[in-house]
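Visitor: Residue numbers (full-length UniProt numbering): 1 to 167.
Using N, Cα and C, we set each Cβ at its ideal position, and we do this for glycine too.
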Amino acid sequence: MTLPSPDASGAYLLIDVAGTPCALPRAAAGEILPLPDLFRPPASGAWLAGFLNLGGEAVPVVDLAQLLGLRGATPEPGLHAHIVLGRDRDLAYLVDRVTDLVGVAAEAFRPVDPDRSLNGCVAAAIERGGRLVHVLDPARLLSAEERMRVEAAARAAAERLAALPAA
């Protein structure tokens, strides 16, 4: 089994997802935002937390804890919840907390079996302080069909937003 290439910069965001330590490549994240009010249309699904109005654009926000099956019923986000906005600003992730930005040496990576996570979304593990931290691959967090449905929901949210008078 080959390990994924570490982020070119070696930098990773450490995040807490329902008490599970995870990491996202820093290159995949555009910004980290405190949790704003999100627009949540009815029947949007458990793991679609809602939409972030970002300068008039409706950006879908995926609740990683719900998506990964780490939390049951949809609770209110905690006081320290963050939104990790993707580099392309077309998708964001709701996490319980962004805890750190760290450099990771290549020798700290450990292989994982891609069949042991949904869609192979856990690309590797990082050994950190005697614990293993799951490295999430943003390109594999959503299946192709999930991504298409989220994009369709984002277009519908953008149309609703565009129908409102400017503030």
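Could I get the ranges of all uninterrupted beta strand (DSSP E) runs contained in the segment 51 to 111, with 3 residues as the minimum, in chain order?
Guide: If we require 3 residues or more, the beta strand (DSSP E) runs fully inside the segment 51 to 111 come out as 57 to 63, 82 to 86, 92 to 95, 97 to 103.
Visitor: Give me the Cβ distance between Val95 and Ala81, rounded to the nearest whole Å; I'm assuming they're in contact under 8 angstroms.
Guide: With 8 angstroms as the limit, Val95 and Ala81 qualify as a contact, their Cβ atoms being about 7 angstroms apart.
Visitor: Grab the span of the beta strand (DSSP E) containing Leu161 for me, first residue to last.
Guide: Taken as a continuous stretch (DSSP letters only), Leu161 belongs to no beta strand (DSSP E), being part of the alpha helix (DSSP H) at 144 to 162.
Visitor: Indicate the three-state DSSP secondary structure (helix, strand or coil) for Gly19 in the structure shown.
Guide: Note: Gly19 maps to coil in three-state DSSP.
Visitor: Relative to the C-alpha of Leu161, which residue among Arg89, Ala144, Leu38 is closest?
Guide: Leu161 has its Cα closest to that of Leu38, out of Arg89, Ala144, Leu38.
Visitor: If we count the other Cβ atoms within 10 Å of its Cβ and call it buried at 16 or more, is Gly19 buried or exposed?
Guide: Answer is exposed; the Cβ neighbour count stays below 16.
Visitor: Measuring only the C-alpha atoms, how far is Pro4 from Asp115?
Guide: Bear in mind that the predicted position of Pro4 carries a pLDDT of just 46, short of 50, making it unreliable; the figure below should be weighed with that in mind. So the two alpha carbons sit approximately 15 angstroms from each other.
Visitor: Taking DSSP's pairing of strands, which residues face Ala123 in a bridge?
Guide: Answer is none; Ala123 lacks a bridge partner.
Visitor: I need the boundaries of the beta strand (DSSP E) containing Leu132, first residue and last residue.
Guide: Residues 131 to 136.
Visitor: Could you tell me if Ala124 is buried or exposed, where buried requires 16 or more neighbouring beta carbons within 10 angstroms of its beta carbon?
Guide: Burial call: buried.
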